[in-house]
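S.K.:
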Amino acid sequence: MKKSVISLVNERFSCRKYMEKQISNETQRLLKDFLENNQIGPFGNCIRFCLIAATSSDGQELKGLGTYGVIKGAQSYIAGAMEPGQKNLEDFGYLMEKAILLSTDLGLGTCWLGGTFKKTSFAKKINLTQNETIPAIASVGYIADTDNASGWLGKAVSRNKRLPREQLFFKETFTLPLPKSEEGAYEQVLDCVRLAPSASNKQPWRIIKRDAYWHFYLQRTKGYGKDSFIMGKLLKLADLQRVDMGIAMCHFELAAHELGLAGSWEINEPNIEQPNEWTEYTASWHSRYLK
Ligand SMILES: Cc1cc2nc3c(=O)[nH]c(=O)nc-3n(C[C@H](O)[C@H](O)[C@H](O)COP(=O)(O)O)c2cc1C
């Protein structure tokens with residue numbers, strides 16, 4: 015990426031209105047090259063990503079793909095096909111978010127779509143095999159001028175809607191919020207987690223700092239099911255909150271690397287009392303930077 019990842023995290027917002035203009039060949043090539051090499055997540059699952067770009071000059075072809083009218087004018091989508099595997103949805107979220115940040119770096123707008131897309135249309139486009147599923151896709155394209163203004167405003171609004179740090183980051187147990195003074199070199203890293211996109215903006219990630227570890231827990235939203243009524247239709251959704259967790263891990267890791275904070279992922283569940291039955295341990299970042 016050309017720009018700093020931290021600035022890209024700040025720049026990104028869910029863009030739902032695009033210019034009716036194809037992504038340039040050179041930008042498509044850069045994006046495709048990236049997708050080809052962006053296949054293995056931190057938990058070892060291999061995901062197959064494809065760029066679906068309008069081929070006809072008028073871009074009508076993609077209109078048929080259907081996003082229930084939520085996305086206007088998009089000429090391209092990134093879709094990923096995933097096979098069964100342990101923590102495959104977390105890997106999916108992690109890898110797709112890298113592609114989203116690269117797209118932001120290339121000057122493109124993006125929007126994650128986990129509910130408002132027609133699975134069968136996308137399945138056909140990417141020749142989905144029987145063993146694969148598409149948990150989510152992302153629209154990608156040039157931000158429409160009209161959305162630029164509303165996009166920036168929208169961004170400010172959605173940012174204000176993020177949960178306060180005290181509800182996201184903790185010290186040693188779930189009962190004690192992490193004091194800002196103890197975030198240390200990780201302050202900006204935690205900012206980047208907080209700005210991560212999440213399905214319905216639920217922000218289901220919780221992080222507990224203990225010794226040299228940052229432990230990641232999923233706090234599921236009660237009643238946020240796999241099947242939802244969207245635009246009057248019952249849709250079968252993937253477990254999107256696990257995808258959200260992968261996105262948060264991506265922001266954490268990329269920001270830490272950028273700041274020179276060495277560390278790596280481990281599955282090493284600590285003995286920490288969980289607040290309720292909707293809390294689940296996912297993984298821990300073992301920090302090798304000990305200040
Ligand atoms: C896994 C996932 C699925 C999402 N699905 C949809 C969707 O189906 N339709 C939509 O309009 N936005 C969708 N979003 C976008 C979120 O609503 C958005 O990220 C959140 O409200 C925060 O706003 P921001 O991305 O502008 O920061 C999804 C986001 C994520 C991470």
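FYI, the numbering for the sequence shown is 15 to 305, going by this note's numbering.
Cβ coordinates follow ideal geometry from the N, Cα and C atoms, glycine included.
1. Within the region 79–131, note down every full beta strand (DSSP E) run reaching 3 residues or more, in order along the chain.
2. Pop quiz: H265 and A210 are said to be a contact at Cβ under 8 Å. What is the actual Cβ separation, rounded to whole angstroms?
3. Can you pull the DSSP bridge partners for F57?
4. Does the beta carbon of S213 fall short of 7 Å from some heavy atom of ligand 1?
5. Quick check on A270: does DSSP put it in helix, strand or coil?
6. Let me check you understand the geometry: is the CB of G128 closer than 7 Å to at least one non-hydrogen atom of ligand 1?
7. Are D119 and K35 closer than 8 Å when you measure CB to CB?
8. Can you give the Cα-Cα distance for P218 and A252, rounded to whole angstroms?
9. Which same chain residues end up closer than 6 Å to T293 when comparing Cβ atoms and leaving out the 5 residues on each side of it in sequence?
10. Going by alpha carbons, who is nearest to G99 out of A68, L76 and G58?
11. So who's on the other strand from K216, going by DSSP bridges?
12. For N39, collect the residues of the same chain with a Cβ closer than 8 Å to its Cβ; drop the 5 residues on either side in sequence, then sort them by chain order.
13. Contact defined as beta carbons within less than 8 Å: I believe Y220 pairs with L192. What is the distance between those atoms, to the nearest angstrom?
14. With three or more C-beta pairs closer than 8 Å as the rule, is the region 143–150 touching the region 266–280?
15. Could you check the C-alpha separation between C206 and I20 for me, to the nearest Å?
16. Compute the beta-carbon to beta-carbon distance between F63 and A113, rounded to the nearest angstrom, for a pair I have assumed lies under 8 Å.
17. How is the alpha helix (DSSP H) around I20 delimited, first residue to last?
18. Following a CB-centred definition, is L122 positioned closer than 7 Å to any heavy atom of ligand 1?
19. When burial is assigned at 16 or more other CB atoms within 10 Å of the CB, is S195 buried or exposed?
20. Contact check, A261 vs G55 under 8 Å by CB: the rounded distance?
21. Can you check which of these residues, Q53, L45, K86 and Y82, is closest to C29 by C-alpha distance?
22. Less than 8 Å separating the beta-carbons of L76 and K46?
M.R.: Working from what's here:
1. Taking only runs of at least 3 residues, the beta strand (DSSP E) segments lying wholly in the region 79–131 are 90–96 and 123–127.
2. For a cut-off of 8 Å, the C-beta gap from H265 to A210 is around 5 Å, short enough to register as a contact.
3. Paired residues: none, contrary to the question.
4. Residue identity differs from the one stated: residue 213 is Ala in this sequence, not Ser. Checking the Cβ of A213 against ligand 1 gives yes.
5. helix
6. yes
7. no
8. Taking the straight line joining both Cα atoms gives about 15 Å.
9. Correct list, in chain order: Y231 and Q233.
10. G58
11. Residue pairing by DSSP places K216 in no beta bridge whatsoever.
12. none
13. At residue 220 the sequence reads Arg, which differs from the Tyr that was named. Cβ-Cβ separation between R220 and L192: approximately 11 Å, too far for a contact (criterion under 8 Å).
14. no
15. 7 Å
16. 6 Å
17. Counting along the chain, the alpha helix (DSSP H) containing I20 begins and ends at V19 to E25.
18. no
19. exposed
20. The sequence given here has Ile at residue 261, not Ala. Not really, about 12 Å apart at Cβ, beyond 8 Å.
21. K86
22. no
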